[in-house]
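Everything below concerns the one structure shown next.
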């Protein structure tokens, strides 16, 4: 996602946030026992989201240079999910959605204000306003909603009867990219490294060199692979293989692990998606022809208890339509043939004026 130029130094930071290869390894610092973190470099371990004295208020107190709608939608979206998880215990995330209203100011901290609304006995919605105070006035930057359901284990622990109803698994889209009966490790080995893939896509040598310069800095801790859809230029598959830096001294609890998965998948769900509209014409986020602004983003989660961050996983994505410069995108996050998340996004493609 491109943003306006603020200063020479800060511009370099903003460009890096919009690039294709994100330093996902930095996100591994997240766990439920530590505060949620964020900053313009995505160095989450060095930036804390602190709970305000007022219940349901979470404040980022250090300037971190988010700009645009926003600089990286996955940052704000993952924090909306994170705030909801702080408000609940014994619940699983069903879905989260966010509408970006205005660009964030690079100087002022962001405050996430949440309110809990019960929907019956086992379901609740967390409403979250993303706010910045500018010159004494509150400015709404985004609005989020997170739908949660009480976990089966929580219902049973309350000595209540859990009633099992209808079950239907979702069909994944991996067959459109890989031969049948392959393991996830075999699938990812058949994909192209991201840089090799982008070399074939990008028509401008300068754009490619700029891409490689930043991609090299973002590859530590994670291997990223890409496969183009066989017949559709508006669809592709991203493969991830994380390299865990070290084991936790104590294994995470089941709830802490699940919260980590929700936050992590929320963070990456904004990656690559809108850019798929540009790769169809030989461009990427780094270009002088178009800017792309995320307007809305949503993720529907299936049961994520068995998702393993140490194993390879895939993000298949496609553009449903582009009408009147509005791109409608969809995607799935898949591991071991199981669909763990469904993503929807709408973004505005804006032609840049020629100098």
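Numbering (my numbering), first residue to last: 56 to 410. Virtual Cβ for every residue (Gly too), placed ideally from N, Cα, C.
Counting only runs of 4 or more residues that sit fully inside the segment 139 to 226, the alpha helix (DSSP H) segments are 207 to 212, in chain order. Proximity of the segment 326 to 334 to the segment 139 to 151 falls short of the contact definition, fewer than three beta-carbon pairs being nearer than 8 Å. Out of 165, 293, 168, 386, the CA that lies nearest to the CA of residue 249 is found in 293. In the structure shown, residue 386 adopts extended strand secondary structure according to DSSP, grouped into three states. Judged by DSSP in its simplified three-state form, residue 242 adopts helix.
With respect to the 8 Å criterion, residue 327 and residue 284 are not classified as neighbours on the basis of their beta carbons. A residue is called buried once 16 or more other Cβ atoms fall within 10 Å of its Cβ, and residue 147 is buried on that count. Residue nearest to residue 201 within the set 192, 217, 184, 215 is 184 (criterion: CA-CA distance).
Spatial neighbours of residue 204 in its own chain (CB-CB distance under 7 Å, excluding positions within 5 residues in sequence) are listed in chain order as 146, 147, 149, 177, 178. Taken atom to atom, the span from the alpha-carbon of residue 317 to that of residue 407 is near 35 Å.
When the Cα atoms are used, residue 211 and residue 217 turn out to be separated by approximately 6 Å. DSSP places residue 263 within a helical segment (H, G or I) once states are collapsed to three.
Looking from the CA of residue 258, the closest CA among 169, 341, 315 belongs to 341.
Around the CB of residue 223, fewer than 16 other CB atoms lie within 10 Å, so the residue is classed as exposed.
DSSP assignment within the segment 297 to 334 yields the following whole alpha helix (DSSP H) runs of 4 residues or more, N-terminal first: 309 to 323, 330 to 334. Remark: C-beta atoms of residue 401 and residue 345 do not approach each other more closely than 8 Å. Scanning 371, 254, 155 for the CA closest to the CA of residue 229 turns up 371.
The alpha-carbon of residue 315 is positioned some 20 Å away from that of residue 279. Residue 369 and residue 191 have their alpha carbons spaced roughly 44 Å apart.
The alpha-carbon separation between residue 391 and residue 338 amounts to approximately 31 Å. When the five nearest sequence neighbours on each side are left out, the beta carbons in the same chain lying within less than 7 Å of the beta carbon of residue 394 are those of 225, 227, 357, 387, in order along the chain.
In this structure residue 364 is not in contact with residue 155, their Cβ atoms being roughly 27 Å apart against a cut-off of 8 Å.
The Cβ atoms of residue 377 and residue 385 do not sit closer than 8 Å to each other. In the displayed model, residue 399 falls within a strand according to three-state DSSP. The three-state reading of DSSP puts residue 232 in coil, since its state is none of H, G, I, E or B.
For residue 341, there is no enclosing alpha helix (DSSP H), as DSSP marks it with neither H nor E. The C-alpha of residue 171 is placed about 44 Å away from the C-alpha of residue 237. For residue 369, the enclosing beta strand (DSSP E) covers residues 368 to 378.
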